[in-house]
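Protein chains: 2
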Amino acid sequence: MAELSAAFSSLLGGATGISPYRVKVERRLSHLSGYFQDENLVRDMLSRRSDPKIYEVYESPQPEVDGLLNIGCTIIYPGKIGCEYFFTKGHFHKKRSACEVYIGMEGEGLILIQNRDGKVDGMEIRPNVLVFIPPDTAHRSVNTGKGRLVFFAVYPSDAGHDYETIERTGFAKVVVERDDRPVLEDNPEYRRV
Amino acid sequence: MAELSAAFSSLLGGATGISPYRVKVERRLSHLSGYFQDENLVRDMLSRRSDPKIYEVYESPQPEVDGLLNIGCTIIYPGKIGCEYFFTKGHFHKKRSACEVYIGMEGEGLILIQNRDGKVDGMEIRPNVLVFIPPDTAHRSVNTGKGRLVFFAVYPSDAGHDYETIERTGFAKVVVERDDRPVLEDNPEYRRV
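Top line first, the protein sequences correspond to chains A and B.
Numbered continuously in my numbering, the first sequence closes out at residue 329.
Numbered continuously in my numbering, the second sequence closes out at residue 329.
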């Protein structure tokens with residue numbers, strides 16, 4: 137009865153977004169060195185031992201087998217580096233046909249979705265809003281609110297993660313605060329692949 | 137920018153569970169002829185033109201391509217045929233490695249999960265409870281509450297549906313009301329594959 141032992145329930149909500157979970161990833165500012173526009177400010181903060189927690193991911197991953205799905209919750213803390221809101225690193229999937237489904241649970245934000253040509257869309261996420269991330273697009277989540285941004289994700293367990301491309305190129309747009317509101321602006325540092 | 141045109145948002149909740157949606161399936165008692173235990177009662181109801189709506193499914197399906205995910209909501213109305221709660225037909229996936237993820241949104245119920253040997257588990261579902269349905273198991277959803285049971289589902293778009301096996305064998309357990317409470321009992325009509 138091996139299959140049935142693999143059935144499980146999880147509770148959504150609370151401090152970790154999903155419980156129980158099997159894997160926790162924590163990303164502080166020092167893990168996102170080079171990602172934010174104001175690199176001088178980042179260097180200054182880190183030299184003063186100010187290393188804020190940017191986001192956490194709690195996951196229940198499955199073996200990397202076609203047909204299986206990973207589930208997890210991402211929690212992005214509220215905050216900005218200069219005028220740029222806290223965000224996740226962002227990645228493509230290694231398996232180019234793999235899509236992903238997000239469901240907002242708490243807070244508000246934008247999901248940047250960028251294709252291989254650098255065209256970017258910003259999709260709003262908030263509780264009970266689902267965002268479908270199409271295949272072969274990079275996706276980054278940005279907390280534009282005053283509290284935590286918490287969302288649930290489902291994606292094929294064999295999708296794989298390519299963080300390197302975005303680490304090298306960045307996203308073509310940045311999400312910054314202007315007059316107390318989030319705005320998408322062109323990223324002058326964006327390097328086309 | 138073909139990929140980006142495929143990004144979309146949906147709102148969860150409300151009458152249809154998800155909006156917008158692309159496909160609606162409606163299942164009345166007459167569509168589930170042969171599924172409930174009390175066949176005399178079913179015949180009698182249908183002869184009296186009583187054909188209650190048992191459930192609806194609202195979906196946004198994708199092309200059947202490895203890596204893509206279908207999303208949808210199932211709404212099971214409250215009610216019983218005799219002492220047996222309203223349920224969905226239940227199916228295996230044709231692609232045996234395909235799993236499925238359910239998230240409860242409204243009401244309460246049981247997800248019957250049955251492996252190829254006829255071993256059955258009943259997993260509770262209610263708002264903010266996620267149920268992971270492992271590969272190669274048949275799954276049926278049962279509304280054991282007083283109101284609608286609404287849950288959200290994500291599964292690989294190339295999973296396929298095998299309804300025929302369950303139509304032939306049934307589930308090894310039925311969910312019936314005893315002393316005002318849902319109970320799993322052996323199904324005397326169950327035919328091993």
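We treat Cβ as the ideally placed atom computed from N, Cα and C, and that holds for glycine.
- When the five nearest sequence neighbours on each side are left out, the beta carbons in the same chain lying within less than 6 Å of the beta carbon of Asp187/A are those of Arg164, Leu165, Ser166, in order along the chain.
- Under the three-state reduction of DSSP output, Val265/A falls in the strand class.
- Closest in C-alpha terms to Arg327/A, from the list Tyr171/A, Arg284/A, Val161/A, comes Tyr171/A.
- Here the stretch 251-268 of chain B makes no contact with the stretch 306-319 of chain A; the two share fewer than three CB pairs at distances below 8 Å.
- Judged by their CB atoms, Glu195/B and Val159/B are nearer to each other than the 8 Å cut-off.
- By the C-beta density criterion, Ser277/A is buried, having at least 16 other C-beta atoms within 10 angstroms.
- Remark: C-beta atoms of Met259/B and Ser155/A do not approach each other more closely than 8 Å.
- Along the stretch 184-206 of chain A, the positions whose C-beta sits under 9 Å from a C-beta of chain B are Ser196, Gln198, Val201, Asp202, Gly203, Leu204, Leu205, read in chain order.
- Distances from the CA of Pro263/A to each of Gly245/A, Ala295/A, His275/A, Pro271/A were compared; the closest alpha carbon is that of Gly245/A.
- Taking the Cα of Thr224/B as reference, the smallest distance to any Cα among Leu148/B, Val310/B, Glu321/B is reached at Val310/B.
- If you keep only unbroken alpha helix (DSSP H) runs of at least 4 residues inside the stretch 238-326 of chain B, you get 300-305.
- Assignment of His229/A by DSSP, reduced to helix, strand and coil, places it in the coil class.
- Assigned with DSSP and collapsed to three states, Glu175/A falls in helix.
- Among the residues of the stretch 138-159 of chain B, those with a Cβ less than 7 Å away from any Cβ of chain A are Glu139, Leu140, Ala142, Ala143, Phe144, Ser145, Ser146, Leu147, Leu148, Gly149, in the order of the chain.
- Inter-residue distance for Phe287/A and Ile211/A is about 7 Å (C-alpha atoms, whole angstroms).
- Within the model, the alpha-carbon separation for Thr280/A versus Lys216/B is close to 47 Å.
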